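*Asks:* By the UniProt record's numbering, the letter at position 418 of the sequence shown is numbered 418, and the numbering carries on one by one without gaps.
From the three backbone atoms N, C-alpha and C, an ideal C-beta is built for every residue, glycine too.
All of these numbers come straight from a predicted model, not from anything done at the bench.
Below is the structure I would like to discuss, written out as structure tokens.
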Amino acid sequence: MSSTTGQIIRCKAAVAWEAGKPLVIEEVDVAPPQAMEVRLKILFTSLCHTDVYFWEAKGQTPLFPRIFGHEAGGIVESVGEGVTDLKPGDHVLPVFTGECKECRHCKSEESNMCDLLRINTDRGVMLNDGKSRFSINGQPIYHFVGTSTFSEYTVIHVGCVAKINPAAPLDKVCILSCGISTGLGATLNVAKPKKGSSVAIFGLGAVGLAVSFPCLLYLLAFIDAAANVKYVLFCLRVFKDQAAEGARIAGAARIIGVDLNPKRFNEAKKFGVTEFVNPKDHDKPVHEVIAEMTGGGVDRSVECTGSVIAMNSAFECVHDVRSLALLSVLIKLALQISESLTLGNFQGWGVAVLVGVPNKDDAFTTHPINILNERTLKGTFFGNYKPRSDLPSVVEKYMNKELELEKFITHEVSFSEINKAFEYMLQGDGLRCIIRMDA
Ligand code: NAD
Ligand code: ZN
1 MSSTTGQIIR CKAAVAWEAG KPLVIEEVDV APPQAMEVRL KILFTSLCHT DVYFWEAKGQ
61 TPLFPRIFGH EAGGIVESVG EGVTDLKPGD HVLPVFTGEC KECRHCKSEE SNMCDLLRIN
121 TDRGVMLNDG KSRFSINGQP IYHFVGTSTF SEYTVIHVGC VAKINPAAPL DKVCILSCGI
181 STGLGATLNV AKPKKGSSVA IFGLGAVGLA VSFPCLLYLL AFIDAAANVK YVLFCLRVFK
241 DQAAEGARIA GAARIIGVDL NPKRFNEAKK FGVTEFVNPK DHDKPVHEVI AEMTGGGVDR
301 SVECTGSVIA MNSAFECVHD VRSLALLSVL IKLALQISES LTLGNFQGWG VAVLVGVPNK
361 DDAFTTHPIN ILNERTLKGT FFGNYKPRSD LPSVVEKYMN KELELEKFIT HEVSFSEINK
421 AFEYMLQGDG LRCIIRMDA
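Now the structure itself:
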């Protein structure tokens with residue numbers, strides 16, 4: 001038992017006093033964990049765009065003063081009553097959405113939307129007593145998504161903490177606690193592209209580029225029916241060295257990246273994105289541009305922007321029946337193929353997956369015919385991974401060299417320079433910035 005168990009810990013935290021104003025490093029008191037809570041020492045944290053939206057509070061409910069941060073890695077300092085799964089010294093990743101393991105969602109294989117601990121961006125207190133564990137001279141400071149990792153110590157519900165391999169370097173795997181797992185899971189668990197698929201990715205930040213990574217894996221893996229691990233690893237090596245070449249090897253398969261920021265395109269090439277569309281370069285909606293580029297639409301699209309305009313385009317750029325039926329007729333006419341011959345499966349099969357966090361008042365609208373035409377619209381938090389059950393194995397993918405995290409980490413700053421991480425993200429500069437709590 002550590003000497004701080006059961007005691008208030010005074011430590012440094014980056015406090016957001018007002019919307020959009022630089023964070024201030026303050027001395028905060030962190031109360032001990034209560035029933036089913038754990039107190040963590042955070043070693044590394046990083047910045048995800050979700051922190052920035054709620055800090056800016058432009059389209060979101062303002063709740064201040066608040067300690068943001070949800071992508072992080074740390075060590076358990078002490079545990080509250082009833083916690084049996086974790087003990088001091090365990091290496092962990094906190095997650096913004098939890099897994100109580102008891103509710104019908106946790107018991108279903110098909111959901112990670114825990115009834116008790118699913119993401120709640122407007123709650124700033126702990127569930128147990130409706131109060132904050134952070135204070136400055138007795139003034140409570142609100143939590144953010146149950147994690148508040150921009151603090152040297154934080155208190156989290158045990159259901160939002162995944163225990164991981166202690167050998168995993170926390171300065172790398174911390175980015176798996178939100179963005180990268182979300183992008184990976186959005187592809188592997190939700191979009192599930194098939195052999196030779198075409199995929200459009202809206203938003204080429206860390207989340208979007210984590211989407212592109214398994215897309216390429218899929219495409220490469222499917223070239224060879226054997227698709228064994230060695231082969232995939234070989235392809236990954238090829239991909240690492242020459243991403244465009246890797247995509248070329250994948251044959252007709254295409255990964256189309258869509259972003260408003262042209263700076264993103266160079267970075268995205270390293271992740272296997274082969275074609276780029278900047279909506280600003282076109283005088284028609286981007287889904288029409290993609291439909292033209294692909295002869296009717298892509299097989300899958302994944303939206304990682306948070307913009308409702310992009311969400312609409314992501315949905316409307318996937319295959320529908322009408323355009324493919326038309327394409328089928330045109331091809332048959334051009335090649336003078338008999339009507340009795342089939343040209344593949346010309347029914348609508350496009351699947352669009354929404355990942356970006358929208359503004360509070362956004363509404364998604366589309367004409368019902370877009371759905372009748374057999375497009376599918378899905379959405380996901382945390383890539384449908386169950387945080388406690390699934391995240392440890394995602395960490396193992398990194399440990400087994402099946403997943404590269406280093407290329408997502410483009411900046412590193414000390415805790416005292418945390419506002420620089422916000423500047424990088426606001427300028428669309430780089431992907432993930434690691435914030436070292438000890439520096
Ligand atoms: P990021 O800022 O690094 O990347 C977003 C990219 O989208 C930027 O490059 C930006 O230029 C681009 N973009 C913005 N509007 C666009 C538009 N209309 N068309 C095309 N491109 C556009 O952000 P990130 O950290 O990668 O996060 C991406 C999104 O995913 C955010 O909305 C974030 O809140 C969300 N998110 C969701 C989950 C989840 O579980 N669903 C988890 C993590 C992040
Ligand atoms: Zn996040």
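Is it a yes or a no for the region 123-141 touching the region 188-205, going by three-plus beta-carbon pairs under 8 Å?
*Replies:* Output reads no: the region 188-205 does not touch the region 123-141.
*Asks:* Would ARG123 pass as a contact of GLY159 if the rule is Cβ separation under 9 Å?
*Replies:* no
*Asks:* I want to see whether chain C comes within less than 9 Å of ILE141, judged by CB atoms only; does it?
*Replies:* Included in the structure is just one protein chain, with no chain C present.
*Asks:* Which term fits SER301, buried or exposed, when burial requires 16 or more other beta carbons within 10 angstroms of its beta carbon?
*Replies:* buried
*Asks:* Return helix, strand or coil for ARG123, following the three-state DSSP convention.
*Replies:* coil
*Asks:* Quick one, are the C-beta atoms of ASP90 and ILE75 less than 9 Å apart?
*Replies:* yes
*Asks:* Within a Cβ cutoff of 6 Å, which residues of the same chain sit near LYS378, ignoring the five residues on either side of it in sequence?
*Replies:* VAL190 and VAL353
*Asks:* Report the residue from GLU275, ASN359 and MET113 whose alpha carbon sits nearest the alpha carbon of VAL308.
*Replies:* ASN359
*Asks:* Here's a check: name, in chain order, each residue in its chain whose Cβ is nearer than 6 Å to the Cβ of LYS12, leaving out the five neighbours to either side.
*Replies:* The residues are ILE25 and GLU152.
*Asks:* Report the partner residues of THR45 according to the DSSP bridge assignment.
*Replies:* ALA72 and ILE435
*Asks:* To which residues does DSSP link PHE64 through a beta bridge?
*Replies:* DSSP lists no partner for PHE64.
*Asks:* Identify whether GLU102 lies in helix, strand or coil by the three-state DSSP scheme.
*Replies:* coil
*Asks:* What does the alpha-carbon distance come out to for the pair LYS420 and HIS367?
*Replies:* 43 Å
*Asks:* Would you kindly work out how many angstroms separate the C-alpha atoms of ILE141 and VAL30, rounded to a whole number?
*Replies:* 10 Å
*Asks:* First and last residue of the alpha helix (DSSP H) that includes PHE134?
*Replies:* No alpha helix (DSSP H) holds PHE134; the beta strand (DSSP E) holding it covers 134-136.
*Asks:* Should HIS49 be counted as a contact of the ligand NAD given a C-beta to heavy atom distance under 8 Å?
*Replies:* yes
*Asks:* Quick check on THR365: buried or exposed, where buried means 16 or more other Cβ atoms within 10 Å of its Cβ?
*Replies:* exposed
*Asks:* Since LEU372 is in the alpha helix (DSSP H), which residue starts that stretch and which ends it?
*Replies:* 368-372
*Asks:* Reducing DSSP to helix, strand and coil, say where HIS287 ends up.
*Replies:* helix
*Asks:* Give the secondary structure of GLU110 by DSSP, where H, G and I count as helix, E and B as strand, and everything else as coil.
*Replies:* coil
*Asks:* Between CYS317, LEU204 and ALA291, which has its C-alpha nearest CYS304's C-alpha?
*Replies:* Of all alpha-carbon atoms in CYS317, LEU204 and ALA291, the one lying nearest the alpha-carbon of CYS304 is that of LEU204.
*Asks:* Any chance the CB of HIS105 is under 8 Å from a heavy atom of the ligand ZN?
*Replies:* For HIS105, the distance from the CB to the nearest heavy atom of the ligand ZN is not below 8 Å.
*Asks:* Buried or exposed for CYS215, please, with buried defined as at least 16 other CB atoms from any protein chain shown within 10 angstroms of its CB.
*Replies:* buried
*Asks:* Apart from the five residues on each side of it in sequence, which residues of its chain come closer than 7 Å, Cβ to Cβ, to LYS58?
*Replies:* none
*Asks:* Span of the beta strand (DSSP E) holding GLU27?
*Replies:* It spans 24-30 - the beta strand (DSSP E) in which GLU27 sits, taken as one unbroken run.
*Asks:* Give the straight-line distance between the Cα atoms of LEU431 and LEU188, rounded to the nearest whole angstrom.
*Replies:* 21 Å
*Asks:* Considering only C-alpha positions, which residue in the set GLY383, ILE255 and ILE369 is nearest to VAL357?
*Replies:* The shortest Cα separation from VAL357 among GLY383, ILE255 and ILE369 belongs to GLY383.
*Asks:* Compute the distance between the beta-carbons of SER177 and ALA72, then report whether it is under 9 Å.
*Replies:* Note that the C-beta distance between SER177 and ALA72 is below 9 Å.
*Asks:* Does the ligand SAM have even one heavy atom less than 8 Å from the beta-carbon of THR84?
*Replies:* By its list of ligands, the structure shown excludes the ligand SAM, since it contains just the ligand NAD and the ligand ZN.
*Asks:* Can you tell me whether GLU102 is buried or exposed? The criterion is at least 16 other CB atoms within 10 Å of its CB, across all chains shown.
*Replies:* exposed
*Asks:* Do three or more CB pairs link the region 109-125 to the region 1-8 at distances below 8 Å?
*Replies:* no
*Asks:* Assuming contact is defined by CB atoms lying nearer than 9 Å, are ILE434 and ILE409 in contact in what I supplied?
*Replies:* yes
*Asks:* Need the endpoints of the beta strand (DSSP E) that ARG264 sits in, please.
*Replies:* ARG264 -> not in any beta strand (DSSP E); alpha helix (DSSP H) instead, spanning 263-269.
*Asks:* Given this structure, state the Cα-to-Cα distance separating ARG264 from VAL38, to the nearest angstrom.
*Replies:* So the alpha carbons of these two residues sit roughly 38 Å apart.
*Asks:* Of the residues VAL173, GLY295, PHE96 and PHE315, which one's Cα is nearest the Cα of ILE201?
*Replies:* Answer by Cα proximity: PHE315.
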